[in-house]
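So the sequence shown is numbered by this note's numbering: it starts at 4 and just counts up by one. By construction, the Cβ of each residue, glycine as well, lies at the ideal position given by its N, Cα and C atoms.
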Amino acid sequence: MFRGIPVEWPLMVVQLLSFTPWLVVPAALALVLAVLGRRLWVIITAAALLAVQLFWLFPLDAGKPETLPAGTATVSVKVMSLNSEYGEADAAAIVSMVRENGVQLLALQEHTQGLEDRLGAEGLEKILPHRVSEPNDDASGGAVYSAFPLEAVGLLPDTPFRMDVTRVLLKDSSAGSAAVLNLTNVHALPPVDERIGQWRSDLDKVARQASRPGSQLLTGDYNATYDHSEFREVLDKALAGQEGRKLVDVGTASGGRFSPTWPMEGLPLPGIVIDHMVTSPLISSSDYSVHRIPGSDHAAIMARLVVPAG
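Next comes the structure, spelled out in structure tokens:
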């Protein structure tokens, strides 16, 4: 019920909504038991419940990449994003992941000077020589490493954690094409205690940035799942006025709703997807994947994006 009504639910409901995908398991079990019990009304009720859960798990109304006109020049870029958990993520593992997967653009949240130094010692700048970095010893730091030139553009206003906007100057020398990608390094406050209002405000700021012209990539730790109406509003309202157009959550569009990104440490709890890559609809994506990084309670997310030239 809570999932289907897009209102500002209280804190406990917001937190419970994160686990909506896992409700498909008891719903399927209920249908099996209903069939065994051979009571028609129970079977119909259980089947309807399972159908609703499956619709929420694989939403037909989710944003999908739009088809570009034939002959449109594009530039491909492999992107990775990671919340490094106060800079404690294993630097060697990060660099190895970048090298082995051909990552060309890396966004880090909770970036610290210590992590930056360790990444440098592991040779990250030999692979991704361009950097825009604002390390901090609390959770507010961030960094972008890139194989392409970067330009610092600005900062989303009034957010406890830094959310820097960086212009990435993409280029495909072999095809002679170039593109500009506006990258927002997202780190929303978690929806806990009285700070739930700030969480909603942070997501609203992300949506406002996404509504700006140009190719947008808004990636990082949203501290929200697709089952939160606040996150779906980011996807829906950024392009309000452009009938039928939505931002694309790459993980959802790729069928990654059962690929948790948190928690990767501690008790083996049911995981949830709170780290996202969100793109403008004209950016297509492929090869979405989730990877555990030692030292962080978040998984890294990775995908190949194809950005229209211009």
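### Query
Between the segment 160 to 167 and the segment 73 to 88, are three or more C-beta pairs nearer than 8 Å?
no
### Query
Under a Cβ-count criterion, where at least 16 other Cβ atoms within 10 Å of its own Cβ denotes burial, should F58 be classed as buried or exposed?
exposed
### Message
Taking the beta carbon of F151 as the centre, do at least 16 other beta carbons fall within 10 Å, making it buried, or is it exposed?
### Response
buried
### Beta-carbon proximity of P138 to H114, cut-off 8 Å
yes
### Message
Do V171 and L158 have their beta-carbon atoms positioned less than 8 Å apart in this structure?
### Response
no
#### Entry: Beta-bridge partners of W265, as assigned by DSSP
I275
### Message
Could you check whether G66 and K208 sit closer than 8 Å to each other, using their CB atoms as the reference points?
### Response
no
#### Entry: Residue range of the beta strand (DSSP E) that includes M83
77 to 86
### Message
Could you compute how far the alpha carbon of Q116 sits from the alpha carbon of L60?
### Response
39 Å
### Query
Between which two residues does the alpha helix (DSSP H) harbouring A210 extend?
199 to 213
### Query
So what does DSSP say about G298, is it helix, strand or coil?
coil
### Query
Is V55 closer than 8 Å to I46 when the C-beta atoms are compared?
no
### Task
Return the first residue and the last residue of the beta strand (DSSP E) that N188 is part of.
180 to 190
### Task
Would you kindly report the start and end of the unbroken alpha helix (DSSP H) that includes E137?
Run containing E137: none in the alpha helix (DSSP H); it sits in the beta strand (DSSP E), 133 to 137.
### Message
Tell me which residue opens and which closes the alpha helix (DSSP H) that Q116 is part of.
### Response
116 to 124
### Query
Tell me which same chain residues have a C-beta within less than 7 Å of the C-beta of E69, skipping the five on either side of it?
P284, L285
### Query
Roughly how many angstroms lie between the CA atoms of P62 and R260, to the nearest whole one?
10 Å
### Query
In terms of residue numbering, what span does the beta strand (DSSP E) encompassing T169 cover?
167 to 175
### Message
Please classify L32 as buried or exposed, where buried requires at least 16 other C-beta atoms within 10 Å of its C-beta.
### Response
exposed
#### Entry: Cα-Cα separation, V17 to G269
22 Å
### Message
What does the alpha-carbon distance come out to for the pair L26 and D252?
### Response
21 Å
### Query
At which residues does the alpha helix (DSSP H) containing A31 begin and terminate?
27 to 40
#### Entry: CB contact flag (A94, R134, <8 Å)
no
### Task
State the DSSP-derived secondary structure class of S254, mapped to helix, strand or coil.
In the sequence on display, residue 254 carries Gly and not Ser. Three-state result, G254: helix.
### Query
What are the start and end residues of each continuous beta strand (DSSP E) run of 3 or more residues lying completely inside the segment 142 to 166, in chain order?
145 to 149, 153 to 158
### Task
With distances taken Cα to Cα, identify the nearest neighbour of H294 among L272, A73, M100.
M100
### Minimum C-alpha distance to K81 - residue among T48, L220, V156, S204
L220
### Task
Count the other CB atoms, across all protein chains shown, that sit within 10 Å of the CB of M202; report buried if there are 16 or more and exposed otherwise.
Per the sequence shown, residue 202 should be read as Trp rather than Met. Buried, since its Cβ has 16 or more Cβ neighbours within 10 Å.
### Message
The beta strand (DSSP E) that contains L220, what's its start and end?
### Response
218 to 224
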